[in-house]
Amino acid sequence: MKPLVLTMQAFGPFAERQTVDFTALGERALFLIHGPTGAGKTTLLDALCFALYGDTSGGERDPRAMRSDHAPPALPTEVCFTFALGEERFRVTRQPAQRRPKQRGSGQTEAPATAQLDRLDGENWTSVATQPGKVTAAIESRLGFDSVQFRQVIVLPQGRFRELLSARSDQREAILQALFRTERYRDLGDALKREARAVEEQAKTIAAKRQAVLQQADAESTEALGERRERLDADRGALQPQERAARERAKAVRERLEGGRLAQAALKEAADATAAAAQVESRRTDIDRRRGEIDAARHAERVRPLDLALAEAGRAQEAAAGRERDARIELRAASEARALAAASLSAELVREPEREAAARRATELAGLADPVTRLSAAVERQQAADRQRDQLTTGVKSLAVDLERQRELLADRSRGGDALRQTANRLEALGLQIRLAESKREQLARLVEIRTAAGRAERAFVAAQARATAVEREFVAARAAREDLELRWVAGRAAQLAAALVADAPCPVCGSRDHPAPAHAAPGSEAIIDEPALNAARDAARRAESARDAAQRKRQEAEGPCVQARTRLADLEHALQDAPETADVVDTWLARLRRELAEAEAASGAAKALDEQVAQLKAAIARGEALLASREATRVDAATQAAAAESEVRLLRDSVPEALRSPAALRKAIDTAQAQRAALELALDAARRREQQAAARLAAAEAADKGAAGERARAGDAFELARERFAAALAAEDFRGERDYRVALRAQDALQALERDVTAYDQAAAAAHDRLARARAAAEGLAAPDLVALERECAESAAVLEGLLARLQQLSAQIGVIDRALAALAALAAEGQDVDARYAVLGRLAEVANGANPLRMTFQRFVLATLLDEVLEAASLRLTRMSRNRFELRRVIGVLDQRTAGGLELEVFDHFTGTARPANTLSGGEGFLASLSLALGLADVVQSRAGGIQMETLFIDEGFGTLDPESLDFALRTLIDLQQAGRLVGVISHVAELKERMDVRLEVRAGTRGSEVLICR
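The opening residue of the sequence shown carries number 258 in this note's numbering; numbering runs sequentially from there.
Shown next, in the form of structure tokens:
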């Protein structure tokens, strides 16, 4: 990633729009970012990190808090960053969540965070992603870093440049994984683990299935199951002849039983058919009677239509008579209503003079509406003018009093500001003194902690050294004892061999028959040393040597922290040589300064408040004087208007009667007159309508009475004709009268039921006679059988056969179960052999790839460790040069903590002391050089491997102030080498020597209206 253009607006101390064009640096890729404290140097890195990831370079400040206090309210906070990735160009624009003025109305509204990522295609920008989360994800996928990793590798923020050096092993693993794209090695290990677990589960499943098959078959092994099958097969072969004989005997007995049952059934059927025929003949008389009822009902059915017509004519005659009666009643009522309506209309016509008088009264009252309205308006104007005049008079007096009080308060506030401003002028000086005191207090507290830690480290080192010395003496003694025993053992063995020599007999060692100088035991020597005693001495010497090595390692481990603590203590004591001796003195000094600061801050706030009050009072007095003059003129106008309104009211009151001077009273009188007039006219209209309605009702009643009389005469003639036709029909069907007809008449469903009964009887009689003839023919010549004996014999033979069949079936089922179990076991055995062969390979590979090894190192960590070795080799080249051949970065070989995986821990080898120690024990300046070397080595290796991540930029925020002049010179030479290699390096620092030696600077200048950035050459 290489920055091109960075644009900031209302961001941090930058109120206006500021643009940093990195392309303007030209070939000078090493530049200094310089400026006073608080001007906004680190804000440049904050803006860069915010544009890419939505957070700041330190990862601690909320982007919402980065809005500039100097910016106008309507100017939104925004950062736009254009950068290059290889040949591609990208532009990312972000705005944090912020409050802005409402577009309509007053007040502010909350604007959400926005983000936009574009790519340059030719000459046009094409959108890649929108929304903050999606833009961050797109940035991470292209850069190969998340926000934390970016700050550890590309941007080394102020106070955090050692994070990569002192990061935990798992954090360093995440960084290296992102840089070198080693996910495939992790995925390979995971795939091996999954595959091995699947094969293991498959083997467990096969074993469980085999055990389940044996348990289901109730067998301990496959061999026992095969033996059981052979026994069952032999038993089945012995039972098969018995089963065939029992089957033949049961068949013969069953045939005799079936013949007896058929004979008994034929005899029973003959008896049942005779009884059924007799029962049918007993119902013949009743059926003949029903045949007669059916014939009479069919004659009555032909008369039924005329009977129905007669009934209908009777009902029509009665209905016509009823309507005639109703018409006569309505005619009488209509005649009486017509007489009453005519009398009411005559009475209303007589009241015509009353209606005329009511109309005149309403007209007269309506003529007074305009004078009364003008009078009411004039009264309201008079009252309003009086109120306004009185209010203005009171307001003018109150304004005069308030104005005098504000003048007195202004004089008092003006006198009180000078003393407060004198106290507030000490605010900045007190702030500097407090920061200095707090720094001294922290250093004193850290001095106590370092002294305590140094004491502990010193005691631990002394104890470890004493232990190493004692163990060394024990080792020397044990080694001497072992050597002495070995010499004595050799001498004793030689004497033993020499004592066994025989002249002219071959030596058992060399085979010679000559023995010129046989060994002899020394005079006064002790007993010969045996083999167990010698082995015990050797074991004691080896244990002493192991104890010595362990004690020396512990001494070396204790020496590193002790040396480091001594160095830190000396550095801090040198820095505090001019400071107060105790923290209590500093605390007393700090408390006094804070009290004075609080007083100065209170005075400053009070002075500002008084200044604001004075300005407000002056403005209020000016506004009050102008308002008083305006109110006085308005009061004079109001008094004039009140007098004019009073004269107009007196003139209008003389033209209106006193009782009707209010609009409400006049309206009430008009409403009463109009209501009286309307009531008289409504009464006349109602009387006329009632007379017209009564006349129409009478005419309708007369017409209805005439029509009802004619309808009743026609209905009587129709009834007589229907009665004559009904009598003729009865005679035609041979009925003696209407009573015989009613008796013979049947409902349709009843007639159908009679017909069904007769038909069913005829069918049953025919069937009974046919059944009787067939049964007698079938039973002819048959005798009754002994079924009980036959059934007993059949049951006995069937029971024997069923027992034999059940036993055979049981044996076959058992053999089938065993056959299926044996087949399943054979299949599982074949499958298990293949699974075991696969697991032998996959299981071991999965264990090794996932850390089941002495180093507890996964396959991915092994690859990362190899890559880290390359990084440390490249970093050590620079660190050795910058530390004047003292320090070298190394990877710790082995496991430091059995609870965690190893392989990625760092240590620093000190060539001056010849010992290695943890990387986090380096001092501030040493740690800065090591961090810088590690970042540069990491960039070299990543780019050399072309992993898709182009690390063309490095930003360093402070850290050079911790270097001595010679180390600073080596660090600058390293950065110059990077510049010559084409890498962009930006340094933020207060060190004056850097400003002198770096000819290209981004100068950040602070002002009262915000900061600005300039490129200086």
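Note that CB positions come from ideal geometry on N, CA and C, so glycine has one too.
Proximity of residue i and residue j at Cβ, strictly below 8 Å
{"i": "R892", "j": "V653", "result": "yes"}
{"i": "L1211", "j": "I411", "result": "yes"}
{"i": "P293", "j": "A1249", "result": "no"}
{"i": "A328", "j": "A272", "result": "yes"}
{"i": "A370", "j": "P358", "result": "no"}
{"i": "L1163", "j": "R1148", "result": "yes"}
{"i": "A801", "j": "A735", "result": "yes"}
{"i": "L1259", "j": "F288", "result": "yes"}
{"i": "Q355", "j": "P333", "result": "yes"}
{"i": "L625", "j": "A930", "result": "no"}
{"i": "V1120", "j": "Y442", "result": "yes"}
{"i": "F1166", "j": "A1176", "result": "no"}
{"i": "A557", "j": "Y998", "result": "yes"}
{"i": "D378", "j": "V385", "result": "no"}
Residue environment, residue i, which counts as buried when at least 16 other CB atoms sit within 10 Å
{"i": "K298", "result": "buried"}
{"i": "C1273", "result": "exposed"}
{"i": "Q1117", "result": "buried"}
{"i": "R713", "result": "exposed"}
{"i": "R812", "result": "buried"}
{"i": "E948", "result": "buried"}
{"i": "E487", "result": "exposed"}
{"i": "P260", "result": "buried"}
{"i": "I1245", "result": "buried"}
{"i": "P270", "result": "buried"}
{"i": "T393", "result": "buried"}
{"i": "F1169", "result": "exposed"}
{"i": "D1197", "result": "buried"}
{"i": "D806", "result": "exposed"}
{"i": "D928", "result": "exposed"}
{"i": "I707", "result": "buried"}
{"i": "I1213", "result": "buried"}
{"i": "Q434", "result": "buried"}
{"i": "L1153", "result": "With a pLDDT of 49 at L1153, under the threshold of 50, the modelled position of this residue cannot be trusted, and the question is left open."}
{"i": "A725", "result": "buried"}
{"i": "V456", "result": "buried"}
{"i": "M265", "result": "buried"}
{"i": "R1033", "result": "exposed"}
{"i": "E1145", "result": "buried"}
{"i": "G1194", "result": "buried"}
{"i": "A1203", "result": "Below a pLDDT of 50, predicted positions are generally treated as unreliable, and A1203, at 45, falls in that range; no measurement from the model is reported."}
Which residues DSSP lists as bridging residue i, in chain order
{"i": "P358", "result": "Q365"}
{"i": "P1175", "result": "E1164"}
{"i": "E959", "result": "Looking at the DSSP assignment, E959 forms no beta bridge with any residue, so it has no partner."}
{"i": "F338", "result": "L263, V349"}
{"i": "L287", "result": "V1242"}
{"i": "D1256", "result": "D1256 is not bridged to any residue."}
{"i": "N381", "result": "D378"}
{"i": "F268", "result": "F271, R324"}
{"i": "Q373", "result": "T350, T387"}
_the region 260-279 in contact with the region 291-305 per 3-pair CB rule at 8 Å_ = Verdict: yes, contact present.
*Is there contact between the region 1060-1069 and the region 517-537, where contact requires at least three CB pairs shorter than 8 Å?*
no
*Please determine if the region 505-521 and the region 1011-1019 are in contact, where contact requires at least 3 C-beta pairs separated by less than 8 Å.*
no
*Pairing CB atoms from the region 563-581 with CB atoms from the region 981-990, are three or more of them under 8 Å?*
yes
*Give a yes or no on contact between the region 1036-1054 and the region 454-463, applying the rule of three or more CB pairs nearer than 8 Å.*
no
*the region 962-973 touching the region 609-623, judged by at least three CB pairs closer than 8 Å*: No, because fewer than three Cβ pairs between the region 962-973 and the region 609-623 fall closer than 8 Å, the two stretches do not touch.
_In chain order, each alpha helix (DSSP H) run of at least 4 residues that lies wholly inside the region 954-1039_ = 995-1001, 1005-1036
*How do the region 861-875 and the region 594-603 stand: do at least 3 beta-carbon pairs fall below 8 Å, yes or no?*
no
*Pair every Cβ in the region 1072-1086 with every Cβ in the region 481-496, then say whether three or more of these pairs are closer than 8 Å.*
yes
*Touching or not, the region 902-915 and the region 638-654, by the rule of three or more beta carbon pairs under 8 Å?*
yes
*asked:* With a threshold of 8 Å, are at least 3 pairs of Cβ atoms found where one atom belongs to the region 534-547 and the other to the region 959-967?
replied: no
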